[in-house]
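Heads up, the thing below is written out as structure tokens.
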Amino acid sequence: MMLSSELSASAARSSLEEMLDSLRKRDEKPKDLPPALPVRPTSKARLPSARRSLPINFKIGSGESVPEYLPNGSREKEGNKTDRSCAKEGKESVFQNGSFGSKKMSKVGTDQQPVESPYARKKAEEVNFGERLEEHGDSYLSSAPSSLTVPTEDSECVDNIAYVLKKKLRVWCLLYNGHWESGKIQSTSGDDALVLLPNGSVVTVSQENLLPANPDILEGVNDLIQLSYLNEPSVLHNLHYRYSHDLIYTKAGPVLVAVNPFKDVQIYGNDFVTAYRQKVMDDPHVYAIADTAFTEMMRDEVNQSIIISGESGAGKTETAKIAMQYLATLGGANGIEHEILQTNCILEAFGNAKTSRNDNSSRFGKLIEIHFSTTGKICGAKIQTCEHSRVVQLAKGERTYHIFYQLCAGAPLSLKEKLNLKMASEYNYLRQSDCLTIDDVDDAGRFQMLMEALDIVQLSKEDQENIFSMLAALLWLGNISFQVIDNENHVEVVEDEAVTSTAKLMGCNVQDLLLALSTRQIQAGKDNIVQKLTLSQAIDTRDALAKSIYACLFDWLVQQINKSLEVGKRCTGRSISILDIYGFESFKKNSFEQFCINYANERLQQHFNRHLFKLEQEEYTQDGIDWTKVDFEDNQECLNLFEKKPLGLISLLDEESNFPKATDLTFANKLKQHLNTNPCFKGERGGAFSVCHYAGEVLYQTNGFLEKNRDPLHSGSIQLLSSCSCPLLQLFASNMLNPSGRSVSPLRRPSAASESQKQSVGTKFKGQLFKLMQRLENTTPHFIRCIKPNSKQLPGMYEKDLVLQQLRCCGVLEVVRISRSGYPTRMTHQQFARRYGFLLVENVVSQDPLSTSVAILQQFNVHPEMYQVGYTKLFFRTGQIAAMEEARKRVLQGTLMAQKCFRRYQALREFHELKTGLITLQSYIRGENVRKKYQLLIRQQQAVVLIQKLRKQQIARKLLRDRQRAVIRLQSAIRGWLVRRHLDHMQNLERLNLESTKAEEQLDENIPELKDSEQEHVQIESSALAELQGRVLKAEAALEQKEEENAMLQQHLRKLETRWSGYEAKMKSMEETWQRQMTSLQVSLAAAKRRLDAEERAGQNGRSDASPTPSPHYYDSEDTPGSRTPEGSTPVKPNNHTADAAPVQEFNLGSNAVSPLTKEFEQRKQVFEDDAKFIIEVKSGQSASSVNPEDELRKLKFRFETWKKEYKVRLRETKATLHKLGNSEVDRRSKKWWGKRSMRMT
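Residue 1517, in my numbering, is where the sequence shown stops; the numbers in between run on with no holes.
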């Protein structure tokens, strides 16, 4: 961008600008110069700067662009002219220019806001890219594309068909049937070109109908930004290629395009959720959009919204459920996510129906706001919805809400009896469209799933029964009929089963129901006048009551679900809103419902344009960068047609609804009178008019507009609901009488049973829509555009015209253009210098952030076309910041590596020092511990020695005391015996002395005899003492002898143990020998048996050779071989039969001779084994027996050898006997045969 030469000389030039001029002059290659900074005027007002056009032409449409330097007034005039011309041209200009959009694309900055706008006029606080970088670092750049090819000189001829013709590249040619076909240029002639089509034919096409085609390498790219040539046929072909390969998701810049596959595609599940959460996969997907919204919500703490749009049958509901499943998986923790997912089943049953375009069409707009905690876990949700006019109004081939058919098909028998339910074909509201079932849909199974979902969201059984009672009452209400009673077409209700069933289910009086449906009370002053209703009025009253009850029931059900999912004190202000709104509708007959639905879609399209086109380009303009504006299809004119006061569609409808005598025809005439000059409005014949919406022109029939806008539910119906005993109907009536106390859904569709009597349905719907837009405006939007590939709802079918129409409505091409040519990455000068300033190789003289930023751009050789310098910010094209971010990442990684190495060195050094100190400390501590343990061991040893010493002393003392006691006891016993003996002796002596004293006189006579007796007594006492001493000596000698014998016995025991070990070794060897001998005997016996069998077979063969072999036919099947002669005619005599049996007896004798040997062998074997086991048990001590195992083993061996010799002798004798018996049998048989032969010959 060159500096403006028109600035006055007095304009002050800063030193920074002079420095930049010197830098620009220093560069040699002008094409590599960065864009110059915009001139900063001395005043606060910003002067327009000279701008240089980019090489790529971003213009769309055939109108000439308005020069940027024109005054605002000139631009407005020029824009209005272009607007009117484009409106007349229609959609055919799209094919000529190869771009989406049929009407004038408004310029940003020239639009004037309508009188009313849902957007606040305050200056929003800016949260830009740089601030997020400063706060969150590199994570913010993870989702940005990594690279974009730098445009070269060839890029100037991207859309130049002359270049394509010269190079003879592939092109798209518009054929006479209006379809685009791919082909290759063969030659050119003037304004025509010969194109070779894929089928081999060559057609002549005007160069105006040619568009360049992309190379094969770009076929099926997942982002339309990557297409080299951006035009309608290229986008259509790319989407068709991906759709045919089951790649239903494609990115169009920031928008996700989802093509409905009408079949199950295996790209969902927990594995894919994990892959997208961990950034393993980056292909376009609903999971990627939901993950981006979740990440930005957690990172920026800003509420997010996912806006899903598309026409009916495009897959909006399924896409919303997929997004909810992903968020539930990410934020699932406390089980509330299961309740949120189950609400889909409930809302589909009560809010979805079959239409001519979709078997599961959402007849309501759903905005579910999922709240998250600070940790990213789901803590609650809130749902808002509904439209209810389909209860009574159905077209052929359509169905009302699914719940009615599910209730009739799947309700249990007890519930059917309680509600008096019948088949669905017996109710007028269900059978009027001649469609009661849907292919491949089980209504009964869906009802069971609904019951489970109601239990999961904690709806009580009583409430469930009340819901089903209301649904049954609506079905019976539709069966109520009327009969005309007079010439004025007044009617009365036919009292039949329908009336009684309805009154019973609603809990009201039958007469009150009859009066409410056939009459109307009109208040005239203080009097109430009862007016009878005509047939059409009665039917409208009945249907209005049914629609009102269902609307209130649905709203009450949503309130109960919200109570179950409410956040309460857990609310953190972080939420993700998913908007699944009804799509644009255009039927053969469009009424007030389609009028409001399409108005809502116009407002949502404006929200889309505002965020993707207007706000984006306004920022470019405000920052003064060189920018060629991208035109887009602005629907502001259509919104003005709806919202403008006092001459807007809604204002005129409210005005006409207030006139008592106004009709739908007068309303249509008023529209033609006041709006005929509006380019978006077109009056039609009769009571019809057309509106040129962003998605196309729609013809509306005004029949019923006024009545539906007025809300015809009269007070008599409300009083009837108040008188019912059912608590739900009483609640509904109170809400209708007091609408201010009831929360209103911003997504409520228009209906004939609104709760407010003061405000019209259209105005109320407009206010609710404005509130919805204000809520969405406070969130960061993420757009998903659902595309319906064919109108037959079949997989694999791709209708290009249908897809093309939807892409035009979505503005996909404009989104891709502005994304590819715009500057999505932007940072302030300060943030850019602060983030990347350390990457400069050379120091900048000036420390100004702008100078630093320019030096950084020059150092990285960023192409001038890839960025622009604004007044406050730097703007970069897609992927350009990635190179500097990569360099920054490398430098930071290198810095981190150096820091890591240095810190590692420091840590190792500190570790080694610490380790050395620890080892030294441990050595001292261990030494001290060992010394303490050693001292402890010494003390313990000393204590042990002392204890042992004391113990030994104690034992010695005890032993000594015991011995002393024994000796003393022995001595005392001996002494006692001696004393007693001496005492006895002394007593005897004393007695004798007494006796002697007495007989002294007598003894005097015989003195010699007394002397001899005394000497004898003395000798006896000395001999007894000597005898006792001798006994003691003998006892001591015997004790010593016993001790010597004990020592000898111990020595002999050790010798016996040594001999026992030898005996055990000998026993083992004997056992092995015995086992070998037994084995040899078994082998010999087996060989003998085999020889015996062989000799028997040889004998039988000899006998068979010696006698003729009888033929098989000599024997009958029931006779033995010996019962007939060889000739088979002469019977055999009995003696011959006995003779023939002789060999058999001899064979039995041989068998009898062998069998005893066999039995004897087995018996003896068992006996020897038992004896051997017994000996082993005795040797090992297991058996308490006194036998000598060595003797027993010797005896066993002797018995075995003896039996072995005897057995061999008998075996040889048996063998000889058998041999003899075999020879005699052969001789006997040969003689017998020859004898029989000679007898037959004779």
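Glycine included, C-beta positions come from ideal geometry on N, C-alpha and C.
Note that this is a predicted model, so its numbers are computed, not measured.
| Asked | Found |
| --- | --- |
| Can you tell me the Cα-Cα spacing of tyrosine 504 and proline 487, whole angstroms? | 6 Å |
| Measuring CB atoms only, is the segment 774-781 touching the segment 733-749, in the sense that at least three cross pairs come out at less than 8 Å? | yes |
| Taking all protein chains shown into account, do 16 or more other C-beta atoms lie within 10 angstroms of the C-beta of serine 735, making it buried, or fewer, making it exposed? | exposed |
| Taking the CB atoms as reference points, tell me whether histidine 677 and glutamate 623 lie closer together than 9 Å. | yes |
| Would you report the Cα separation of asparagine 1065 and tyrosine 1073, rounded to the nearest angstrom? | 6 Å |
| Where asparagine 984 and leucine 820 are concerned, what is the direct C-alpha to C-alpha distance, given to the nearest angstrom? | 16 Å |
| From the DSSP output, in three-state form, read off leucine 531 for me. | strand |
| Kindly provide the ranges of any alpha helix (DSSP H) runs that are 4 or more residues long and lie completely inside the segment 1188-1271, ordered along the chain. | none |
| Do the segment 862-874 and the segment 966-980 touch if we need at least three Cβ pairs shorter than 8 Å? | yes |
| What residues in its chain sit with their C-beta under 7 Å from that of aspartate 466, if we drop five residues either side in the sequence? | Ser481, Gln482 |
| Identify whether asparagine 1118 lies in helix, strand or coil by the three-state DSSP scheme. | coil |
| Can you list, in chain order, the stretches of the beta strand (DSSP E) that have 3 or more residues and sit fully within the segment 554-597? | 579-584 |
| When you compare only the Cα positions, how much space is there between valine 314 and glycine 899? | In this prediction, valine 314 has a pLDDT of 38, which is less than 50 and means its spatial position is unreliable; nothing more can be read from the coordinates. |
| Is tyrosine 676 helix, strand or coil when you go by DSSP? | strand |
| My output table needs one value for valine 466: the three-state DSSP class, helix, strand or coil. | Reading off the sequence, residue 466 comes out as aspartate, not valine. Correct three-state label for aspartate 466: coil. |
| Hey, is valine 439's beta-carbon within less than 9 Å of any beta-carbon in chain C? | The chain inventory of the structure shown lacks chain C, comprising one protein chain alone. |
| Suppose the cutoff is 8 Å on Cβ atoms and the five residues either side in sequence are ignored; what does the same chain contact list for asparagine 803 look like? | Gln796, Ile797 |
| According to DSSP, is arginine 552 part of a helix, a strand, or is it coil? | helix |
| Hey, could you find the ends of the beta strand (DSSP E) lysine 693 is sitting in? | Lysine 693 -> not in any beta strand (DSSP E); alpha helix (DSSP H) instead, spanning 688-694. |
| If the criterion is Cβ atoms closer than 9 Å, does the pair leucine 808 and histidine 765 meet it? | yes |
| Apply the 10 Å Cβ neighbour rule to alanine 1373 and answer buried if 16 or more other Cβ atoms are within range, or exposed otherwise. | exposed |
| I need the boundaries of the alpha helix (DSSP H) containing proline 508, first residue and last residue. | 507-519 |
| Which value, in whole angstroms, describes the spacing of the CA atoms of lysine 947 and glycine 923? | 12 Å |
| Closest by CA to valine 1055, which one among Ile856, Glu593, Gln1005, Arg885? | The question names valine, yet the displayed sequence has threonine at residue 1055. When each option's Cα is compared against that of threonine 1055, the closest is Arg885. |
| In or out: asparagine 1268 buried (at least 16 other Cβ within 10 Å) or exposed? | exposed |
| Got a sec? Which residues, its chain only, sit under 7 Å from tyrosine 969 by beta carbon, not counting five neighbours each side? | Glu877, Gln880, Glu908, Asn910, Cys913, Cys1084 |
| Would the segment 1465-1475 count as touching the segment 1337-1349 if we require 3 or more Cβ pairs under 8 Å? | yes |
| In chain order, what are the residue ranges of uninterrupted beta strand (DSSP E) at least 3 long that sit wholly in the segment 1066-1136? | 1100-1103 |
| Could you pull out every residue in the same chain whose Cβ sits closer than 7 Å to the Cβ of alanine 1363, ignoring the five residues on either side in sequence? | Leu1486, Lys1490 |
| For leucine 499, which of Glu767, Gly528, His1494, Lys936 has the nearest alpha-carbon? | Gly528 |
| Would you please state the rounded distance, in angstroms, between the beta carbons of phenylalanine 757 and leucine 688? I believe it to be under 8 Å. | That belief does not hold up - the Cβ atoms of phenylalanine 757 and leucine 688 are roughly 33 Å apart, past 8 Å. |
| Counting C-beta neighbours from all protein chains within 10 Å, is the total for isoleucine 742 16 or more, i.e. buried, or is it exposed? | buried |
| Anyone know if the C-beta pair for lysine 641 and isoleucine 856 falls short of 9 Å? | yes |
| Applying the criterion that 16 or more other CB atoms from any shown protein chain within 10 Å of the CB defines a buried residue, is tryptophan 1252 buried or exposed? | exposed |
| Ignore the nearest five residues each way along the sequence and tell me which others in methionine 745's own chain have a CB closer than 7 Å to its CB. | Ile824, Leu828, Leu1003 |
| Could you say which of Lys657, Val540, Asp1368, Arg1366 lies nearest to lysine 838 if we only look at CA atoms? | Lys657 |
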